[in-house]
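In the working numbering, the protein residues as written are 5 to 451. Note that beta-carbon positions come from the ideal geometry of N, C-alpha and C, so glycine has one too. Fair warning: this is a prediction, and the values are worked out from it, not measured in the lab. Here the structure comes first, spelled out in structure tokens, and everything after it is commentary.
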């Protein structure tokens with residue numbers, strides 16, 4: 005029995021996914037468990053496996069197409085099996101689609117095709133889907149069967165002939181100038197009608213008018229936004245539109261931080277402790293400071309403030325074509341070693357696209373560290389619905405004044421972005437003061 009390979013639903017919040025790769029074509033042999041496609045969402049990427057042994061009978065989706073979870077991608081079965089688009093199973097699956105005029109109410113599904121007005125187009129479901137995928141108007145497709153029902157092969161013939169296909173711009177120009185597209189032969193891909201084909205049929209004075217409205221761009225190409233990049237664009241636009249950002253910046257002497265990192269590195273070389281990075285030490289210092297300032301990891305919900313028992317610390321991670329923020333849940337209950345282990349695991353999973361929803365959801369304070377990228381300082385955008393985010397710059401040697409003398413010290417700049425609706429300047433300033441003290445006395449902060 006043939007089965008569908010579908011887009012899986014991973015986690016309760018996943019609603020759609022974008023198909024990034026299709027590895028099989030009609031007729032290809034597959035084994036159960038073979039990876040036959042890839043997908044991505046705004047947070048993760050994954051594989052789609054064949055549910056059974058067999059061959060590919062139908063490919064139902066195009067690459068870069070965004071679809072709902074559980075929607076079929078392939079139909080897989082054995083040679084000679086009946087598919088749902090086969091003419092021998094017309095009765096159970098026929099549907100009526102594409103009304104041209106007023107709809108006709110059908111009370112009994114079993115009588116769906118009886119007495120239907122000629123202004124309705126009758127088509128097999130696969131034919132309808134195939135036409136939609138290829139931009140074909142079913143009203144322009146002539147059925148080949150005596151029952152007048154359009155099948156997939158009829159749509160394929162329409163594609164081959166180029167009938168019913170036109171670019172959006174060509175359709176717009178034709179509509180504005182009362183031009184019948186059926187009278188035009190297309191010169192585009194697979195006979196598609198393009199702008200130039202429509203312009204050829206129009207008087208020269210109209211040609212000039214239409215061309216003046218058209219913007220021509222040379223040496224350019226278009227690429228659809230990935231699901232992740234689209235989500236980033238929407239969330240950050242929402243953040244800047246709705247959250248009044250205020251920024252607080254300070255410089256920190258990183259001498260103690262570096263010394264502690266060196267000591268821990270020696271212990272790691274002996275095999276006594278987990279490998280600890282500068283970022284791990286900073287995260288621990290941040291958590292210690294946040295414990296005394298719960299408003300920094302609270303959230304605003306209309307006319308209420310939500311205070312959380314735990315600090316769920318988000319760590320921004322750069323990945324291919326985007327950014328994800330895995331979350332260390334209950335960071336306030338973690339030791340330095342536990343923070344280091346969790347961070348290492350989450351960063352690796354993020355960069356491999358293997359994060360589970362619970363590993364990137366529920367954050368209430370985010371840290372973005374561009375120190376390794378040698379960025380001196382930057383202003384991060386708050387990740388809604390959170391109320392603050394901390395941006396960490398690189399460590400550089402600078403000349404500073406200490407005890408009335410000029411000395412060279414490793415200095416770093418951190419910048420706090422806060423939602424000013426919830427967090428006052430004095431509160432943010434006090435947090436930054438304590439954080440600077442905790443980083444400059446890293447040994448004490450780790451206790």
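Between residue 248 and residue 428, the beta carbon gap of about 12 Å keeps them out of contact (Cβ cut-off 8 Å). For residue 438, there is no enclosing beta strand (DSSP E); the residue is found in the alpha helix (DSSP H) stretching over 429-444. When DSSP states are grouped into helix, strand and coil, residue 425 belongs to the coil group.
For residue 261, the enclosing alpha helix (DSSP H) stretches over residues 259-273. For residue 233, the enclosing alpha helix (DSSP H) has its first and last residue at 231-246. Checking the DSSP bridge columns, you'll see residue 416 partnered with 256 and 399.
Bounds of any alpha helix (DSSP H) do not take in residue 380, whose DSSP letter is neither H nor E. In the structure shown, the three-state DSSP call for residue 344 is helix. Residue 364 carries a coil assignment under DSSP once its states are collapsed to helix, strand and coil. DSSP, reduced to helix, strand and coil, places residue 137 within a helical segment of the structure shown.
Distance from the Cα of residue 68 is smallest, within the candidate group 30, 22, 76 and 55, for 22.
Here the C-alpha atom of residue 308 lies approximately 38 Å from the C-alpha atom of residue 258.
Burial check for residue 263: the Cβ neighbour count within 10 Å stays below 16, so the residue is exposed.
If the five residues before and after residue 291 are omitted, its C-beta is found closer than 7 Å to the C-beta atoms of 315, 317, 335 and 336, all from its own chain and listed in chain order. With a cut-off of 8 Å on Cβ pairs, the region 42-59 is in contact with the region 350-366, counting three or more such pairs. For residue 287, the uninterrupted alpha helix (DSSP H) run begins and ends at 282-294, by DSSP.
Annotation: residue 128 to residue 134 spans about 10 Å, alpha carbon to alpha carbon. Excluding the 5 residues flanking it on each side, residue 272 has same chain C-beta neighbours closer than 8 Å at 278, 279 and 280, in chain order.
Around the beta carbon of residue 419, a 10 Å sphere encloses 16 or more other beta carbons of the protein chains shown; the residue is thus reported as buried. Across the structure, residue 245 and residue 327 are spaced so that their CA atoms are roughly 20 Å apart. DSSP places residue 311 in the coil class of the three-state scheme, outside both helix and strand. In the three-state DSSP reduction, residue 76 falls in the strand class (E or B). Taking a C-beta distance under 8 Å as the contact criterion, residue 142 and residue 132 qualify as a contact pair.
Taking 8 Å as the cut-off, the beta carbon of residue 301 is found no closer than this to the beta carbon of residue 387. Residue 10 is bridged by DSSP to 76. Take residue 293, set aside five residues on each side of it, and the residues of its chain with a beta-carbon closer than 7 Å to its own are 435, 438, 439 and 442, in chain order. In the three-state scheme derived from DSSP, where H, G and I count as helix and E and B as strand, residue 205 is classed as coil.
The shortest CA-to-CA distance from residue 254 to any of 363, 339 and 380 is the one to 380. Beyond the five residues adjoining it in sequence on each side, residue 35 comes within less than 6 Å, by CB distance, of 57 in the same chain, given in chain order. In this structure residue 374 touches residue 396 by the C-beta definition: roughly 7 Å separates them, less than 8 Å. Distance from the CA atom of residue 25 to the CA atom of residue 9, rounded to whole angstroms, is 14 Å. In the DSSP assignment, residue 50 falls within the unbroken beta strand (DSSP E) covering 49-53.
Here residue 231 is actually not in contact with residue 362; their C-beta atoms are around 19 Å apart, not less than 8 Å. In the structure shown, the three-state DSSP call for residue 369 is strand.
The beta-carbon separation of residue 162 and residue 145, rounded to 5 Å, stays under the 8 Å limit for a contact. Exclusion of the five residues before and after residue 404 leaves 411, 413 and 415 as the residues of its chain whose Cβ lies within less than 7 Å of its Cβ.
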